[in-house]
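The block underneath contains the structure these notes are about, expressed in structure tokens.
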Amino acid sequence: MPPSLPFIPPVTILTPLVTRVLGHNPGRFTLQGTNSYLVGSPKLARVLIDTTNRVPGLETYLSHLKSQLEQCQVGCPLSAIILTHWHPDHTEGISGVLDLARQITLRNSSVDSHVSIPVYKHPGGPDLGDLSFFNGPFEFVHDNQVIPLPTEKGDTKTIQLRVLFTPGHAEDHICLLMEDHLGQAIALFTGDAILGHGSTTVRNLPEFMRSLYRIRSIAEGQEAASTAGTNFIQPPRSFMLFPAHGLEVTEYRKRIDENIANRLDRLSKTSDFLSKNLHSVWIGESELLRFVYPEVPQVLRMAALFNLRHSLFWIASDSEPLPSPVNSPRNSLIARISDGSERTIDVSEFYYLLDCFERSQSPASGAVIEDVKYILGTDWEWKFSA
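Numbering (my numbering), first residue to last: 5 to 390.
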């Protein structure tokens, strides 16, 4: 974990209905660790958003989670687990959480503890059983689906979580909008789409940008979505973002706009470099990287290189779900590996290589496929075709 990041306690009560439990898996991409969130009244069954890695901190995470779940005064302390996406730092802890919930259920009710706790995720991504993350079963959710939180009998002031499909960081990524009984937006659980600090990694840049624009629209109360026949209204000043990594965000408009502006700035710099330097000769990525990401440390070079490639392919293509925001000759930008082989790479192969790379990061899958690692780890060259 970078030393400059602020401290996050193991457990933080953010609001009366939202408690953050730190995943104890710090790293350069997980920051202080994965944030999982218990949502709902502590004395009732709550929804858990995300878990943590199997190592290094699962047991510590479960001990802190246990202290919170034991506040439940009914049988099972969890009504559901919702995953923002498939990555291991969000999903490897599912089995441990389910075992813990069953232990507490048995203590609370002295009856069969094998209660069914649904595990929700959006379709897409690899089979988590094949990766030895979690064998399922899953209940798949869809965009705009509403998941109600348990309430006490007779309580009409219900709280619900609305699923927002926001791909880009991962193909199955969702955010969760917390709403009150009037359809008022209370908070947005952003997963890895928007972090508390810095910026996230991207699997598909056009989809990611479209998701950021959607998040901004929702945060501003401009996207119409029905709740009991009414539309979203302007979020109150207490509206917050709860990211899966980093601190909670109160200045949500500023944080969202920073994320959008950062991506557009990198894209614009990439386009500027192309227009001034790239004609009929091959240009190495190291030169491009120094221009677009002059401040990137060596430990993050690969992540910056992936982002640069996303920008280049987006600039070159007119078939993406969101038009490129910069002007550049299209369908004429080509890439090849800088090893003398003259092997070219197109956007479809790039996405395929990223898929292979992501799926090979599980400890259960062994070493990264050497050819994939070699291709992605080797600098490429770019030029406009004649």
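From the three backbone atoms N, C-alpha and C, an ideal C-beta is built for every residue, glycine too. Small disclaimer: the values here were computed from a predicted structure and weren't measured.
Out of the options, state which residue places its alpha-carbon closest to the alpha-carbon of residue i.
{"i": "residue 306", "options": "276, 359 and 380", "result": "380"}
{"i": "residue 197", "options": "159, 247 and 158", "result": "247"}
{"i": "residue 179", "options": "156, 34, 218 and 203", "result": "218"}
{"i": "residue 150", "options": "166, 9, 220 and 249", "result": "166"}
{"i": "residue 195", "options": "252, 143 and 29", "result": "252"}
{"i": "residue 211", "options": "172, 360, 351 and 384", "result": "172"}
{"i": "residue 46", "options": "73, 25, 24 and 63", "result": "73"}
{"i": "residue 170", "options": "157, 191, 147 and 158", "result": "147"}
{"i": "residue 156", "options": "27, 70 and 77", "result": "77"}
{"i": "residue 161", "options": "299, 321, 168 and 185", "result": "185"}
{"i": "residue 142", "options": "158, 159, 106 and 98", "result": "98"}
{"i": "residue 279", "options": "351, 28, 85 and 387", "result": "387"}
Looking only at its own chain, which residues have a Cβ that is under 8 angstroms from the Cβ of residue i, when we skip the five neighbours before and after it?
{"i": "residue 44", "result": "21, 50, 51, 83, 153, 154 and 163"}
{"i": "residue 90", "result": "125, 128, 129, 130, 132, 137, 174 and 176"}
{"i": "residue 202", "result": "35 and 250"}
{"i": "residue 343", "result": "382"}
Write down the C-beta distance between residue i and residue j rounded to the nearest angstrom, noting that I regard them as a contact closer than 8 angstroms.
{"i": "residue 61", "j": "residue 37", "result": "7 angstroms"}
{"i": "residue 337", "j": "residue 316", "result": "6 angstroms"}
{"i": "residue 293", "j": "residue 308", "result": "6 angstroms"}
{"i": "residue 181", "j": "residue 192", "result": "5 angstroms"}
{"i": "residue 216", "j": "residue 263", "result": "6 angstroms"}
{"i": "residue 353", "j": "residue 286", "result": "Not really, about 18 angstroms apart at Cβ, beyond 8 angstroms."}
{"i": "residue 23", "j": "residue 48", "result": "With a Cβ gap of about 13 angstroms, residue 23 and residue 48 do not count as contacting."}
{"i": "residue 96", "j": "residue 64", "result": "Not quite, the Cβ-Cβ distance comes to about 14 angstroms (not below 8 angstroms), so this is no contact."}
{"i": "residue 245", "j": "residue 259", "result": "6 angstroms"}
{"i": "residue 321", "j": "residue 351", "result": "6 angstroms"}
Take the Cβ of residue i as the centre, count every other Cβ of all protein chains shown within 10 Å, and call the residue buried at 16 or more, exposed below.
{"i": "residue 81", "result": "buried"}
{"i": "residue 222", "result": "buried"}
{"i": "residue 296", "result": "buried"}
{"i": "residue 243", "result": "buried"}
{"i": "residue 11", "result": "exposed"}
{"i": "residue 144", "result": "exposed"}
{"i": "residue 17", "result": "exposed"}
{"i": "residue 204", "result": "buried"}
{"i": "residue 348", "result": "exposed"}
{"i": "residue 265", "result": "exposed"}
Spatial neighbours of residue i within its chain, please: C-beta separation below 6 angstroms, excluding the five flanking residues on both sides.
{"i": "residue 109", "result": "79, 80, 117 and 119"}
{"i": "residue 360", "result": "373 and 376"}
{"i": "residue 14", "result": "26 and 68"}
{"i": "residue 66", "result": "100 and 104"}
Pick helix, strand or coil for residue i, following the three-state DSSP scheme.
{"i": "residue 161", "result": "coil"}
{"i": "residue 49", "result": "coil"}
{"i": "residue 201", "result": "coil"}
{"i": "residue 152", "result": "strand"}
{"i": "residue 92", "result": "helix"}
{"i": "residue 40", "result": "strand"}
{"i": "residue 123", "result": "strand"}
{"i": "residue 170", "result": "coil"}
{"i": "residue 64", "result": "helix"}
{"i": "residue 289", "result": "helix"}
{"i": "residue 337", "result": "strand"}
{"i": "residue 368", "result": "Because residue 368 sits at a pLDDT of 43, beneath the cut-off of 50, its placement in the model cannot be relied upon, and the following sentence gives the value as read from the coordinates. Helix."}
{"i": "residue 353", "result": "helix"}
{"i": "residue 195", "result": "strand"}
{"i": "residue 247", "result": "strand"}
{"i": "residue 212", "result": "helix"}
{"i": "residue 222", "result": "helix"}
{"i": "residue 132", "result": "coil"}
Report all residues from its chain with a CB closer than 7 angstroms to the CB of residue i; omit the five preceding and five following residues, and keep chain order.
{"i": "residue 139", "result": "133"}
{"i": "residue 231", "result": "With a pLDDT of only 42 at residue 231, under the threshold of 50, the placement of this residue in the model should not be trusted, and no figure is reported."}
{"i": "residue 358", "result": "207"}
Could you tell me if the beta carbon of residue i falls within a distance shorter than 7 angstroms of some heavy atom in the ligand FAD?
{"i": "residue 289", "result": "No copy of the ligand FAD occurs in the structure displayed, which carries no ligand at all."}
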